[in-house]
Structure formats: C-alpha cells, structure tokens
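Here is the structure we will look at.
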Amino acid sequence: MDEKNLPAKVPQVTLLFWIIKILATTLGETGGDAVTMSWLGETTPEAKGTGYLIGTAIFGVIFAAAVVAQITAKKFHPFLYWVTIVATTTVGTTLADYWTRSLGIGYTGGSTILLILVISSLLIWRWSTGSISIETVNTPTVEIFYWVTIMFSQTLGTALGDWVADTNEMGYVGAAAVFGGLLLLTAVLYYFTSISRVILFWAAFILTRPLGAVVGDFLDKPHAQGGLALSRYTASLALLAVITVLILIFRQKPASNAH
C-alpha cells in the first residue's frame, strides 16, 4: 500500500479530541507534581532538583516505551495514543521544572528556549517530509517528528504557564483566562479566516498545554499560592478516570488522510 494511503495513527480532530487533550495536559501537571513533589519531596530545599531529575527519568522511560509501542502499532489505538500523550505531558512537566527551577534558567529563559525548539522541530519536519499535517502521521519517520514536536510543546507549556501565572503575577485563574482566550481566538480564526488549518491546529495544540498546566496548578497548589490545595493523587486519579470514561464511551476514528 502506498504510504500516502496508509491510515493515520492519530485521532480525528474533533471537540472530543480537544476536551481529552486539555484533560490530559492537566493530568500531566498534577501527575508530574505528584511524583516529583509529593512522592520524591522536591518541595524541600535539600532536594536541589533531585526529585525533578528522578521524575524526568521515570517519565522519560515511560514516554520512550509508549512512543515505541505507538510507532510499532499497525493502526490507530485510542488508549495507546492517549497514554503516549499523557506520557509527554508528565515528562514535559518534570523536565520543564528541572530546567527552569533546578538549573536556574527561569521561566522566561526556559519558555524562550523551548519555543525555539518547537518551531525548529516543526520546520525540520516540514523540510524533511513536505508536510506537518497530522493526516500524514502514518510512517515511523513522521511519527518520530510528531512525538518529538509534541514532547517539546508539552515542556514549553509547563514553562509558559508558570511564566504567565508567576513571573507576570497573573495567578492561575488569570493565566487560565489568558490561554483560554487565546484558544478561543484560534477557533475564531479557524472558522472565519483562511489562515492555514495546519498552523492553527499546532497553535491550538501548543496552547492547550499551558492551559492544562495552570489548571493543574490551580487544583493542587496551596491556598497561599492561589490554589485549591487538592491532593495531587486524588486530582490525578479523577482526571485519569474522566479521560478513560470518555475514550470508552465515545469512539474515536483515525484522522482522515484524504489530502
């Protein structure tokens, strides 16, 4: 079968896709913090980044295993796909925290570096394959570009969310409003302009991550920091349960590769 006619191994972009994506990115924040802060004790000064580093190693292994499974799969599997997405969000959370906090790069510097990495990944992918459309994610080469780009974007989202919420002192609710507003603007541009749908997809995809990051922080951070102080474990399990139910109830189809 011609590669152009192979079925894509990613889901169709529907409202359900965006709902699960936001839930998954929120889970990545609470889940990553549950491991690095609640379990590994990164909140203590003596930790000096050890929790973030160990957490990144743990989630990095899970991410690598999930990507290998996704690439070797012969067709689109909803659970496998979303497990891989969650893996990118958790490793993105712990890696971003290690870069910005433990290495002292800061939220501004970390966001700038990661944005450059995301854009560079997309440009190299476009140069190498001729397209960055998700409809072409059906070969190992394209899948590698896809997951590397997503991992960079998830890491960027954590740093960007912290930059808006903390560095700019907008708080978690204010930051959520900013990113939610940008997503709404992206939707308006999609429906009422002729701007490239592929570019708008990636813009929305990237923006869902900082939205999920600040929502996750709002759920589990202490009251003194503007959060609800919910248990990170409880919040993570609740988000995981909702995602699982949505995948079970609503059947997702692979993205069309009609183009």
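Per our numbering, the sequence shown starts with residue 1442, numbered consecutively. We treat Cβ as the ideally placed atom computed from N, Cα and C, and that holds for glycine.
Collapsing the DSSP output to three states places P1452 in a strand.
Within the same chain, Cβ atoms closer than 6 Å to the Cβ of Y1631 are found at L1641, the five residues on either side in sequence being excluded.
Spatial neighbours of W1540 in its own chain (CB-CB distance under 6 Å, excluding positions within 5 residues in sequence) are listed in chain order as I1546, G1551.
With a minimum length of 4 residues, the unbroken runs of alpha helix (DSSP H) contained wholly in the region 1634 to 1691 fall at 1638 to 1661, 1673 to 1690. A residue is called buried once 16 or more other Cβ atoms fall within 10 Å of its Cβ, and V1629, having fewer, is exposed. Taking 7 Å as the cut-off, the Cβ atoms of T1467 and V1656 count as close. Under a 10 Å Cβ-count criterion, K1694 is classified as exposed, with fewer than 16 other Cβ atoms of the shown protein chains found around its own Cβ. Rounded to whole angstroms, the Cβ separation of L1521 and A1514 is 6 Å, and the two are in contact under 8 Å.
About 5 Å separates the CB atoms of F1593 and L1558; that is less than 8 Å, so the two are in contact. Taking one beta carbon from each stretch, the region 1458 to 1472 and the region 1657 to 1674 have 3 or more pairs nearer than 8 Å; the two touch. Minimum Cα-Cα distance from W1604 among the listed residues K1662, F1458, A1676, T1553 corresponds to T1553.
Cβ contact annotation for Q1453 (same chain, cutoff 8 Å, sequence separation greater than five): Q1693, K1694, P1695, A1696, S1697, in chain order. Excluding the 5 residues flanking it on each side, L1623 has same chain C-beta neighbours closer than 6 Å at L1648, in chain order.
Here A1606 is near A1616, since their CB atoms are less than 7 Å apart. The Cβ neighbour count for G1496, taken over all protein chains shown within 10 Å, is at least 16; the residue is labelled buried. Nearest to T1590 by alpha-carbon distance, out of T1491, A1644, V1614, is A1644. Under the rule that a run must span 4 or more residues, the alpha helix (DSSP H) segments found entirely inside the region 1556 to 1607 read 1581 to 1603.
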